[in-house]
Structures are given as C-alpha cells and as structure tokens.
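The structure under discussion appears below in the form of structure tokens.
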Amino acid sequence: MTSCFPATRTAGTGRPKEGDVKGIIFNLLEQFCCARLGEPAYDRLVDGLDGLAHDPRLMIAPGTYADEDFLLLVQAVARGLAVDDAELLREFGRFALARLAERYPDFFTPFRHPRDFFRFVGMVHHVEVSKLYQGATVPRFACQEAEDGALLLSYRSERRLCPFVEGLIAGVGRHYGTGIECRHERCMNAGATACEFRLRFPSDAPPAHEGGAAVP
Ligand code: HEM
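Each residue of the sequence shown is one higher than the one before, starting from 32 at the first, in the working numbering.
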C-alpha cells in the first residue's frame, strides 16, 4: 500500500492542530536537510518559507513546536529534493533512526533482533520518551504475532505520519543488520483506526537447503 501524507492537520475542528512536535524531531530534520542539501541551501529554504511560527534553527530538543511548522518544512524540503512528501518522510525516518540509536544506545542494546525491539517501541514512547520530553504527544504502538510468523505492528497518532514510520522501520532493520520486509496493510490516511504494518525478517528464513524445500 502506498501511504499518503496528511497535508493539513485539523484535529476535527477545521483549524490546524498546533504546539505538538518536540524540538528533537525538528533538530533531526534540520540535520537531515543539511546533510542532503547543504547548510547554505537549508538556510535559504527556511528564510524563504512563509508561515512558520518558529525558526527551526532556534528550536531546542525539549521545546514543543507547531505541528504545522513540521508539515511546512517537510513539504519545502521535499520540493528542494524533488521527491514527494511521503518519500521525504521515509528517507528522513531512515536517517532519524540512525541518529536516535547514536543518541539513545541503551534503548537498542538490550535487544539482538528487531522483533524484540519492536515489542518495546510502544513502551519507549509511552514511558521513556514521555519522561525525557515533558509534554510529548507520543504515538502509540502495539505488536502482535501473526500465525505465519510475521510481526504485526500497529501505529496510532493524530499526526498520521505513516511514511515516517516506514522509514524508521527500515532504519531498525539496518541497525540490527537483518533487513525488514514491511507491508503497510491498513492505513489511517485511508480511514483505518490505526496503521498496520506486517513485518518479516528475511534473515530469519532458513537457508534454501534447510526446512524441507527440495533442492535440485
Ligand atoms: C528507541 C528510539 C526512539 C526514540 C528515543 C524516539 C523518540 C521520539 C520522540 C522524542 C518523538 C517526538 C514526540 C513528540 O513530538 O511529542 C518521537 C516521535 C515519533 N516516533 Fe519515535 N523514537 C524512537 C524510535 C521510534 C521508532 C523505531 C519508531 C517507528 C517504528 C518511531 C516512531 C515515531 C513517530 C511516527 C513519531 C512522530 C510522532 C507521531 O507520529 O505522533 N520512533 N519519537
């Protein structure tokens, strides 16, 4: 399934929902943009952007800033890189995961496999992120084992940033060196109450000569 990108957030009131995203996410987006576009181009992009409530270059990690600023920046950076908004969020997710793993290694090292990490990711946000970043409006994650051995990861958030989740999932696969096949089977942007991702770990598959498959 191709995820769409929620161009404007209305929170059911018709008005943009503001004041939500923690500065760390903006800081990571800035690092991503500077790495991809270069700092002078990022400065020009921000200076030329109308409608930002805050200058992202002055945002601090624990601060809380408008959701709408995040969406404006994502759209502008996507234009700058000539990709669509969803693809930008996927690339940003892969980048952000690597930076989060550098910054918070203790959330990753207890686990040897992404399957175990994903079982913990709801708790990371609900408990640890909420402690570290007061006033965070954290996304909700839950895991379920599928009968076929896949892991079903559900994501709920008013922000509906599912392409960002896809990128973060890919980043987790890269971090643990397993790779992850991810199918986005239900989507909040298509009316579902939660997004659902079916995750498989290619490195779990037995080699072709094991597991009963006939080898010529
Ligand atoms: C363990 C390392 C991680 C840390 C420390 C972390 C931390 C955070 C923080 C601080 C925020 C901002 C919350 C806010 O603005 O109120 C956030 C947002 C988010 N995180 Fe994580 N995160 C981690 C891993 C992940 C992973 C692996 C995923 C996906 C599977 C994920 C998905 C998201 C999403 C989608 C958001 C955007 C906010 C939303 O959708 O409502 N995070 N995270």
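Note that the Cβ used here is the ideal one computed from N, Cα and C, for glycine as well. Values in this document were obtained by computation on a predicted structure and should not be read as measured data.
(1) So within the stretch 67-101, which uninterrupted alpha helix (DSSP H) runs reach at least 4 residues, ignoring any that extend past its ends?
(2) Let me know the secondary structure DSSP gives GLU133 once reduced to three states.
(3) Which of the three DSSP states is assigned to CYS193 in this structure?
(4) Indicate whether at least one CB of chain C lies closer than 8 Å to the CB of ALA97.
(5) With a threshold of 16 other CB atoms inside 10 Å of the CB of GLY43, please say whether the residue is buried or exposed.
(6) From this set, ALA221, LEU68 and TYR96, which residue's C-alpha is nearest TYR164's C-alpha?
(7) Could you give the DSSP three-state label for PHE267: helix, strand or coil?
(8) Could you pull the start and end residues of the beta strand (DSSP E) that ARG146 belongs to?
(9) Hey, is TYR73 close to the ligand HEM, as in C-beta under 7 Å from one of its heavy atoms?
(10) Skipping 5 residues on each side, what residues in its chain have a beta carbon closer than 6 Å to that of TYR207?
(11) Using a Cβ-Cβ cut-off of 6 Å (strictly less than) and excluding sequence neighbours within five positions of ALA5, which residues of its own chain qualify?
(12) With the cut-off set at 8 Å, would you say LEU120 and PRO194 are in Cβ contact?
(13) How about VAL196 and GLY124: are their beta carbons less than 8 Å apart?
(14) Tell me whether the beta-carbon of LEU80 lies closer than 8 Å to the beta-carbon of LEU103.
(15) Mark LEU89 as exposed unless 16 or more other C-beta atoms lie within 10 angstroms of its C-beta, in which case mark it buried.
(16) For PRO136, is the beta carbon positioned less than 7 Å from some heavy atom of the ligand HEM?
(17) List the DSSP bridge partners of SER185.
(18) Below 7 Å CB to CB, which residues in the same chain sit around ARG67 once its five sequence neighbours on both sides are set aside?
(19) Kindly identify the DSSP beta-bridge partner or partners of GLU212.
(20) Helix, strand or coil for VAL160? Go by DSSP, reduced to three states.
(21) What I want to know is whether the C-beta of VAL105 ends up closer than 7 Å to one or more non-hydrogen atoms of the ligand HEM.
In terms of the structure at hand:
(1) 70-78
(2) In the sequence shown, counting from the first residue as 1, residue 133 sits at position 102. Correct three-state label for GLU133: helix.
(3) Position 162 of the sequence shown, counted from the first residue, corresponds to residue 193. Correct three-state label for CYS193: helix.
(4) The displayed structure is made up of one protein chain only, and chain C is not part of it.
(5) Position 12 of the sequence shown, counted from the first residue, corresponds to residue 43. Because GLY43 sits at a pLDDT of 38, beneath the cut-off of 50, its placement in the model cannot be relied upon, and the following sentence gives the value as read from the coordinates. So GLY43 counts as exposed.
(6) In the sequence shown, counting from the first residue as 1, residue 164 sits at position 133. If we check each option's Cα against that of TYR164, TYR96 comes out closest.
(7) As displayed, the chain neither begins before 32 nor continues past 247, which places residue 267 out of reach and without an answer.
(8) Numbered from its first residue, the sequence shown carries residue 146 at position 115. Here ARG146 belongs to no beta strand (DSSP E); instead the alpha helix (DSSP H) covers 145-154.
(9) As a first step, residue 73 is located in the sequence shown; it is residue number 42 there, counting from the start. Not so, every heavy atom of the ligand HEM lies at least 7 Å from the Cβ.
(10) Counting from 1 along the sequence shown, the entry for residue 207 is found at position 176. Excluding sequence neighbours, TYR207 sits near PRO145.
(11) Lying outside 32 to 247, the shown extent of the chain, residue 5 is not represented and no answer is given.
(12) Along the sequence shown, read from residue 1 onward, the residue named residue 120 stands at position 89. Along the sequence shown, read from residue 1 onward, the residue named residue 194 stands at position 163. It is a contact, given that the beta carbons lie within the stated cut-off.
(13) Within the sequence shown, residue 196 is the residue found at index 165, counting from 1. Within the sequence shown, residue 124 is the residue found at index 93, counting from 1. Contact: yes.
(14) Walking along the sequence shown from the start, residue 80 turns up at place 49. Walking along the sequence shown from the start, residue 103 turns up at place 72. It is a contact, given that the beta carbons lie within the stated cut-off.
(15) Within the sequence shown, numbered from 1, the residue matching residue 89 stands at position 58. Per the 10 Å Cβ criterion, exposed.
(16) Mapped onto the sequence shown, residue 136 falls at position 105. False, no ligand heavy atom lies under 7 Å from that Cβ.
(17) On the sequence shown, position 154 is the one that residue 185 refers to. For SER185, which the question treats as bridged, DSSP gives the partners ALA173 and GLU227.
(18) Locating residue 67 in the sequence shown gives position 36, where the first residue counts as 1. So the list reads LEU112, once near-sequence residues are dropped.
(19) The residue given as residue 212 occupies position 181 in the sequence shown. ARG231.
(20) As a position in the sequence shown, residue 160 is number 129, starting the count at 1. Three-state result, VAL160: helix.
(21) As a first step, residue 105 is located in the sequence shown; it is residue number 74 there, counting from the start. Checking the Cβ of VAL105 against the ligand HEM gives no.
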